[in-house]
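Heads up: the structure comes next, in C-alpha cells.
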Amino acid sequence: MNATYRLLWFFSVNRLAIISLILLLLTSLCLAWLLFYDPDKERALPLLSFIVLCMLCLSSFTLLGYKSYQQRNNELGVIISPAEKLLSANADVAIADVHAGLIVTVLETHDELYLLRLPDGQTGRLPKHSVARVLQQ
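Numbering-wise (our numbering), the sequence shown opens with residue -12 and increments by one.
So this is what it looks like as C-alpha cells:
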C-alpha cells in the first residue's frame, strides 16, 4: 500500500496530463489500426492492444482528475516569510507574530489575504505572499 502512495505522489498533475495525452494518442492510433486492419486476418492483437490502451487511458485520466481535485481543495499552508504580523479577522489589529515554517489551515481566500487558523486555534489574516500552499501526500 505504501508503494502505491509513493507512486501516486511521484505522478504530479503535469506528468499525469502528459502521460494521459500520450496514452490517448496511442489509443487513437490503435483504433485506426483496428479499423483499417485486413478483415480476412485475425484481429486479436489490434483488439487486445486497443482494450489495454483504453483501460490505461481511462485510469490515467481518472487519476489526473483525482490529483487535480486534491490539489485544488487543499487547506494546508505554511508561512514562508521570516516574520509576519497576524491580523485579526475583522480589523487591522495585529494579534500575534508568526514565523516561517508554521503550518496553518487556510479557511478562506480574499483579494490579497488568506483567513487562517493557527495550530493553537487562533484565527487571523495574512497576505497571500506570506503563505505557500502545501501539497499533501
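Glycine is no exception: its CB is placed at the ideal position from the N, C-alpha and C atoms.
- Note: Lys72 is bridge-paired with Asp84 in the DSSP secondary-structure output.
- Counting every other CB atom within 10 Å of its CB across the protein chains shown gives Glu71 a total of 16 or more, marking it as buried.
- Within the DSSP secondary-structure output, Thr96 pairs in a beta bridge with Tyr101.
- Separation of the CB atoms of Leu102 and Leu89 is rounded to 15 angstroms, and the pair is thereby denied contact status at 8 angstroms.
- Contact check for Leu100 and Lys115: beta-carbon distance about 7 angstroms, within the 8 angstroms limit, so the pair qualifies.
- If you look at Pro26, you'll find it isn't in any beta strand (DSSP E); DSSP assigns it neither H nor E.
- Residue pairing by DSSP places Ala119 opposite Val65 in a beta bridge.
- The Cβ-Cβ distance between Ser117 and Leu51 does not fall below 8 angstroms.
- Taking C-beta atoms as the reference points, Leu10 and Leu43 count as a pair closer than 8 angstroms.
- When C-alpha distances from Gln109 are compared across Val91, Arg30, Trp20, Trp(-4), the shortest belongs to Val91.
- Asn1 and Thr(-9) have their alpha carbons spaced roughly 19 angstroms apart.
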